[in-house]
């Protein structure tokens, strides 16, 4: 169905839900390069690249990933998390032809009998005031569910002296937990880079994080500390250069470690004095 596999660019970016994750990455990369207001899509691509592996991303679609989350709320869907954090909307069509627009968080609790997801709508975010980052902590570089994943969107005022609104989303905490709503409310109107405000935000976040424990998940204590650490990492990552409240030795904690593909070589030396031992000989297949 063409409508489910197409995408269009206007004020918003609209992508059909039958687009594969690999195709979605290509679309987002192109859009991020063309429009500054969709520059955050480059961050989405980095996160989608951590989902499963190449064969799965080549065949798995947006709708497939989101519907798993709909039917199994405990699934720590990375796609759901990043779409919810940036304020994306899903267009739903019912069998009678009626359409409605809902958020990913609303979709999770929606009964999809005789309904169809048509597309995902991504909004423009002005890079002068919006900052988006996402993280995924998992046992392997790919092909693994997250212990905890986080996606954070902050809207600052024009001079970035205070937070106008915040969207702090976590996965891997509890099937019903997505937004750290108390922390989002706490940050509104405050300077995120003030030590007192940040400590208060950490305390508020700690109070509202109550991870469940369903084996073989990691322990609740570990996942809670991991979520707090991701928020700390986010703040370090977006802190302005030269900010007096953040010591230079801590700033590197905001960077994501790059782990390139490993390589190795093995060399066998030969010594003439030991010949015929170690002497090279032609090998005939």
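In the working numbering, the protein residues as written are 1034 to 1318. Virtual Cβ for every residue (Gly too), placed ideally from N, Cα, C. Keep in mind it's a predicted model, so treat the numbers as computed, not measured.
The beta carbon of residue 1260 sits closer than 7 angstroms to those of 1181, 1183, 1203, 1206, 1242, all from its chain and outside the five residues before and after it, given in chain order. For residue 1256, the uninterrupted alpha helix (DSSP H) run begins and ends at 1253-1271, by DSSP. Contact between residue 1165 and residue 1155 is absent: CB atoms are separated by about 11 angstroms, not below the 8 angstroms threshold. When rounded, the separation of the alpha-carbon atoms in residue 1046 and residue 1114 is 18 angstroms. By the CB criterion at 8 angstroms, residue 1237 and residue 1210 fall outside the cutoff.
The residue among 1178, 1107, 1125 with its C-alpha nearest the C-alpha of residue 1247 is 1107.
Between residue 1078 and residue 1058, the C-beta gap is smaller than 8 angstroms, which places the two residues in contact. Only residues of its own chain outside the window of five on either side were considered, and among them 1237, 1241 have a CB closer than 6 angstroms to the CB of residue 1215, listed in chain order. For residue 1297, there is no enclosing alpha helix (DSSP H), since its DSSP letter is neither H nor E.
Burial check for residue 1110: the Cβ neighbour count within 10 Å reaches 16 or more, so the residue is buried. Contact between residue 1140 and residue 1103 is confirmed by a C-beta separation of about 6 angstroms, below the 8 angstroms threshold. Close CB contacts of residue 1075 within its chain, under the 6 angstroms cut and outside five residues either way in sequence, are with 1065 (chain order).
For residue 1084, the secondary structure class from DSSP, reduced to helix, strand or coil, is coil. The DSSP-derived three-state label of residue 1231 is helix.
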